[in-house]
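Residue numbers (the working numbering): 32 to 181.
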């Protein structure tokens, strides 16, 4: 009799575990299905990466801008934009810093534009940081926080 009770107990435990396993597998299957549908829906609703990159682009060319130097003075300059990046800076004195095409004296680091738009989608602010580092010694020379005048 004890063996029969033990056998029934084992069967009850087995059936309870089997139900739990079926329930867990069912929940897992629904979870995977929901995630897949949510991801495909999200992908359909969001713009493609190509559209996202195009929406923040300024036309290539020269733009008026300003930087602040170590003093609280504002310096006017012109910046050249190419592929949504500041690639050259021409100061009022005529001096030019570019992304290294014209000199082997320094490394030009940064320049990717940060763009802010208003609710209509118009670009209202564009800024970036460019650092100049001496090539031979790797000495940090200057960082420029650049703000375009739009």
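For each residue, glycine too, the CB sits at the ideal point set by N, CA and C.
Quick one: is residue i near chain C, going by C-beta distance under 8 Å?
i, result
"residue 43", "Looking for chain C here will not work: only one protein chain is present."
Buried or exposed: which applies to residue i, given that a residue is buried once 16 or more other Cβ atoms fall within 10 Å of its Cβ?
i, result
"residue 159", "buried"
"residue 155", "exposed"
"residue 167", "exposed"
"residue 136", "exposed"
"residue 125", "exposed"
"residue 163", "buried"
Please report how far the alpha carbon of residue i lies from the alpha carbon of residue j, in whole angstroms.
i, j, result
"residue 80", "residue 174", "Any answer about residue 80 is weak, because its pLDDT of 37 lies below 50 and its placement is not dependable; what the coordinates show is given next. Cα to Cα, the separation comes out at about 30 Å."
"residue 112", "residue 169", "26 Å"
"residue 144", "residue 171", "21 Å"
"residue 110", "residue 95", "6 Å"
"residue 119", "residue 161", "10 Å"
"residue 108", "residue 129", "13 Å"
"residue 99", "residue 176", "7 Å"
"residue 127", "residue 139", "12 Å"
"residue 103", "residue 151", "33 Å"
Using only alpha-carbon positions, find the residue among the options that is nearest to residue i.
i, options, result
"residue 146", "110, 108, 179 and 97", "179"
"residue 89", "99, 119 and 153", "153"
"residue 131", "91, 117, 125 and 122", "117"
"residue 149", "181, 105, 92 and 93", "181"
"residue 91", "105, 142, 165 and 114", "114"
"residue 157", "97, 106 and 140", "97"
Kindly indicate which three-state DSSP category residue i falls into: helix, strand or coil?
i, result
"residue 158", "strand"
"residue 166", "coil"
"residue 90", "coil"
"residue 180", "coil"
Residue i: beta carbon under 7 Å from a heavy atom of the ligand ZN?
i, result
"residue 166", "Although the ligand ZN was asked about, the structure shown includes no ligands whatsoever."
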